[in-house]
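Trainee: Per full-length UniProt numbering, the sequence shown runs over residues 1 to 160.
Have a look at the structure that comes next, please.
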Amino acid sequence: MKNKDIAYIKTPIGVAKIIGTNKGIEIVSILNDDVELSKKIPNSLQNCTQQLQEYFNNDRKEFDLKLNPQGTEFQKKVWNSLLEIPFGTTTSYLKQTRLLGDEKAIRAVASANGKNPIWLIIPCHRVIGANGSLTGYAGGLWRKKWLLEHELGIKQTKLF
């Protein structure tokens with residue numbers, strides 16, 4: 001990852017790995033492994049780390065960051081649609097697909113959601129099954145449940 005800044009920060013549900021440049025945030029992922037936290041956050045990632053901390057402290061409901069996810073045009077269209085889902089609400093894969101204009105593309109939309117490179121900030125955790133089930137989440141279903149409960153104001157159990 002030539003010329004990209006990287007930071008590792010602690011969150012209540014794991015260590016977030018943030019990768020970006022001055023052009024924007026490219027990747028935010030959640031790690032299961034114990035990794036060394038960043039002692040110094042690169043300038044290009046400071047705003048992102050601050051906004052993530054504010055989110056987890058219940059001081060932020062919307063992110064205001066320059067994003068630069070890498071993917072196909074279709075994937076970017078799907079990821080942009082995720083940005084329209086308000087804090088504290090959910091939608092289904094079917095509803096998301098209908099909003100994108102092609103109900104038959106549900107599997108492609110679900111696949112693009114699963115390839116979302118910017119965890120949490122592009123809120124794919126807000127997409128659930130049509131029957132209300134917590135389906136598919138790259139970070140683990142327990143994290144999806146935690147995030148949805150966090151956004152609904154349900155008191156969380158401290159994991160660290």
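Ideal placement from N, C-alpha and C gives every residue a C-beta, glycine not left out.
Being a predicted model, the structure only gives us computed values, none of them experimental.
Who pairs with Gly14 in a beta bridge, going by DSSP?
Mentor: For Gly14, which the question treats as bridged, DSSP gives the partners Thr11.
Trainee: What are the boundary residues of the alpha helix (DSSP H) that includes Glu151?
Mentor: Looking at the DSSP string, the run of the alpha helix (DSSP H) that includes Glu151 is Leu141 to Glu151.
Trainee: According to the Cβ coordinates, are Ser81 and Leu100 closer than 8 Å?
Mentor: For Ser81 and Leu100, yes; Cβs fall inside 8 Å.
Trainee: Whose C-alpha, out of Thr90, Ile121, Thr135 and Leu120, is nearest the C-alpha of residue 169?
Mentor: In this structure the chain extends from 1 to 160, so residue 169 is not present and cannot be described.
Trainee: For Glu62, name the three-state secondary structure that DSSP assigns.
Mentor: Looking at Glu62 - three-state DSSP - the assignment turns out to be coil, as it is neither helix nor strand.
Trainee: Which residues does DSSP pair with Asp5 in a beta bridge?
Mentor: Gly20, per the DSSP bridge assignment.
Trainee: Can you tell me the Cα-Cα spacing of Ile118 and Lys104, whole angstroms?
Mentor: Those two C-alpha atoms are separated by around 25 Å.
Trainee: Hey, does Phe63 have any beta-carbon neighbour from chain C nearer than 8 Å?
Mentor: The structure shown contains no chain C; it is built from a single protein chain.
Trainee: Glu26 and Lys4: beta carbons closer than 8 Å?
Mentor: A contact, by the Cβ cut-off of 8 Å.
Trainee: Drop a sphere of 10 angstroms on the beta-carbon of Arg107, count the other beta-carbons inside from all chains shown, and report buried for 16 or more, exposed for fewer.
Mentor: Per the 10 Å Cβ criterion, exposed.
Trainee: Under the rule that 16 or more other beta-carbon atoms within 10 Å means buried, what is His150, buried or exposed?
Mentor: Classification for His150: buried.
Trainee: Whole angstroms are fine: how far does the CA of Thr90 sit from the CA of Asn68?
Mentor: Distance between the alpha carbons of Asn68 and Thr90 is about 24 Å.
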